[in-house]
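Student: Handing you a structure now.
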Amino acid sequence: MKKDLKEAISWLEKILGNHSFQISPLRQEASERSYYRITLKNDSYVLMNNFGSKENAANFIKIQKILKDEKVNVPDIFGFSDELDYLLLEDLGDITLDEYDELSEEDFLNSASVELEKIRSIPNFSIEENISPETHYSQTEEFLNFFYDKKIDVSSEEKLLIEELRNSISEKLAEQAIVPTHFDYERRNMIFYNEKIHIIDFQDLKSGPISMDAASLIFEHKFNYSEELVNRFSRRLIGDGLQTEIYVALAHRSMRIIGTFNRYFKEGKLLNRQKDISLFVDRLLLALRYLNEKDALKVVEKLI
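Now the structure itself:
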């Protein structure tokens with residue numbers, strides 16, 4: 001935001017009708033957006049600085065209205081610049097759920113499930129994702145690069161095993177029921193405000209496999225829930241006898257994020273999350289063990 005600071009201040013002065021405010025940075029959660037708290041004498045807001053595509057910001061505005069109409073708890077939007085470089089949002093505070101421990105695990109999972117069920121119930125959802133096996137496969141294409149960048153030898157046979165795993169997982173994902181999907185439904189994208197969970201960073205909401213958000217929620221990389229909670233909320237969000245679908249989504253999500261994070265880190269982005277990548281490796285191993293992917297498991301174990 002450094003080079004855009006004067007422009008942002010000028011826009012804020014115009015939209016707030018006030019020249020007296022402070023700007024302080026908030027935690028960065030994406031490579032193409034940054035957030036700042038705007039503090040006035042008796043009020044505060046959050047400024048989203050969008051330095052990625054305008055389409056992402058437009059999606060944020062569009063999706064926010066859709067979610068609001070379904071009573072999903074999301075921040076209000078008070079204004080946006082002509083070029084969508086800046087959005088002024090409701091200030092929900094700093095309590096992201098990955099740093100808040102006042103809710104019991106059961107209460108958190110229940111509240112998060114309520115919001116997810118609202119999202120899934122959006123009628124006539126028209127923001128489509130290409131949900132073919134080919135698309136799911138392409139989303140994991142960077143996974144093997146993590147081996148190469150860590151200087152881990154991968155034989156031709158082992159590479160083939162990973163390719164077969166990616167194919168198998170992608171085909172199984174494409175067979176699942178399709179619902180509106182956040183694609184990153186985890187605690188760090190939720191804020192506890194006014195005794196309610198609010199969903200943030202939702203501009204990527206699209207049609208997707210029913211198990212994807214359940215996998216993000218139930219098997220979040222930093223939180224390990226009891227077997228009883230895992231089973232109960234798996235049944236609630238996916239259905240009886242369909243727990244395997246969550247592990248399929250977990251394997252895909254883990255490979256996708258490992259590959260993406262590895263690229264971001266090489267580009268100097270999101271370096272504050274470097275320690276997380278090993279946790280996603282652990283989640284991938286968990287999924288492969290459950291799915292009995294013994295050969296691929298041996299290859300992935302080279303990462304630990």
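Per full-length UniProt numbering, the sequence shown starts with residue 1, numbered consecutively.
Think of the CB as a built atom: it goes at the ideal place given N, C-alpha and C, for glycine as much as any other residue.
Go to residue 259, then tell me how far its alpha helix (DSSP H) extends in each direction, as first and last residue.
Tutor: The residue labelled residue 259 in the question sits at position 259 within the sequence shown. Its alpha helix (DSSP H) spans residues 243-266.
Student: Just to check my reading of the structure: residue 61 and residue 38 have Cβ atoms closer than 8 Å, yes? What is that Cβ distance to the nearest angstrom?
Tutor: Numbered from its first residue, the sequence shown carries residue 61 at position 61. Numbered from its first residue, the sequence shown carries residue 38 at position 38. That belief does not hold up - the Cβ atoms of residue 61 and residue 38 are roughly 18 Å apart, past 8 Å.
Student: What's the gap between the Cα of residue 122 and the Cα of residue 185?
Tutor: As a first step, residue 122 is located in the sequence shown; it is residue number 122 there, counting from the start. As a first step, residue 185 is located in the sequence shown; it is residue number 185 there, counting from the start. Spanning the two alpha carbons is a distance of roughly 16 Å.
Student: Spatial neighbours of residue 21 within its chain, please: C-beta separation below 8 Å, excluding the five flanking residues on both sides.
Tutor: For the purposes of this step, residue 21 is taken as residue 21 along the sequence shown, with counting starting at 1. Cβ neighbours of residue 21 beyond the five flanking positions: 12, 38, 39, 40.
Student: Residue 45 bridges to which residues according to DSSP?
Tutor: Working through the sequence shown from its first residue, we reach residue 45 at position 45. In the DSSP output, where bridge partners are listed per residue, residue 45 has 38, 90.
Student: Within the same chain, show all residues whose beta-carbon is closer than 6 Å to that of residue 91, passing over the 5 residues directly before and after it, in chain order.
Tutor: If you number the sequence shown from 1, residue 91 lands on position 91. Excluding positions up to five away in sequence, the list reads 44, 45, 46.
Student: If we count Cβ pairs, one from each stretch, closer than 8 Å, do we get three or more for the segment 109-121 versus the segment 217-236?
Tutor: Counting Cβ pairs under 8 Å, three or more are found: they touch.
Student: Compare the beta carbon distance of residue 292 and residue 277 with 8 Å and say whether it is the shorter of the two.
Tutor: In the sequence shown, counting from the first residue as 1, residue 292 sits at position 292. In the sequence shown, counting from the first residue as 1, residue 277 sits at position 277. Contact: no.
Student: Which one of 171, 156, 158, 118 has the shortest CA to CA distance from residue 317?
Tutor: Nothing about residue 317 can be reported from this structure: the residues present for the chain run from 1 to 304 only.
Student: Hey, is the segment 209-228 in contact with the segment 248-257, meaning 3+ C-beta pairs nearer than 8 Å?
Tutor: The answer is yes - the segment 248-257 touches the segment 209-228, with three or more Cβ pairs under 8 Å.
Student: To which residues does DSSP link residue 206 through a beta bridge?
Tutor: As a first step, residue 206 must be located in the sequence shown, where it is residue number 206. Looking at the DSSP assignment, residue 206 forms a beta bridge with 181.
Student: With DSSP collapsed to three states, give me the class of residue 224.
Tutor: Numbered from its first residue, the sequence shown carries residue 224 at position 224. Coil.
Student: Under the rule that 16 or more other beta-carbon atoms within 10 Å means buried, what is residue 299, buried or exposed?
Tutor: Counted from its first residue, the sequence shown places residue 299 at position 299. So residue 299 ends up on the buried side.
Student: Decide yes or no for the touch test of the segment 52-72 against the segment 91-102: beta carbon pairs closer than 8 Å, at least 3 of them.
Tutor: The segment 52-72 vs the segment 91-102: no contact.
Student: Tell whether a beta-carbon distance below 8 Å holds between residue 127 and residue 207.
Tutor: Here residue 127 is taken as the residue at index 127 of the sequence shown, counted from 1. Here residue 207 is taken as the residue at index 207 of the sequence shown, counted from 1. Yes, they are a contact pair.
Student: Report buried or exposed for residue 87, applying the criterion of at least 16 other Cβ atoms within 10 angstroms of its Cβ.
Tutor: Position 87 of the sequence shown holds residue 87. By the neighbour-count rule (16 or more Cβ atoms within 10 Å), residue 87 is buried.
Student: What is the C-beta distance between residue 173 and residue 209, in whole angstroms, given that I count them as a contact (C-beta under 8 Å)?
Tutor: Here residue 173 corresponds to residue number 173 of the sequence shown, with the count starting at 1. Here residue 209 corresponds to residue number 209 of the sequence shown, with the count starting at 1. Between residue 209 and residue 173 the Cβ distance is about 5 Å, and since that is below 8 Å, they are a contact.
Student: Using CA coordinates, which residue listed in 264, 270, 228, 219 is at the minimum distance from residue 248?
Tutor: Translated into the one-based positions of the sequence shown, residue 248 becomes position 248. Ranking the options by Cα distance to residue 248, first place goes to 219.
Student: Within the same chain, show all residues whose beta-carbon is closer than 6 Å to that of residue 266, passing over the 5 residues directly before and after it, in chain order.
Tutor: By 1-based counting over the sequence shown, the position of residue 266 is 266. Cβ within range, chain order: n/a, list empty.
Student: Measure the C-alpha to C-alpha separation of residue 189 and residue 35 and round it to an integer number of angstroms.
Tutor: Mapped onto the sequence shown, residue 189 falls at position 189. Mapped onto the sequence shown, residue 35 falls at position 35. The straight-line gap from Cα to Cα measures roughly 13 Å.
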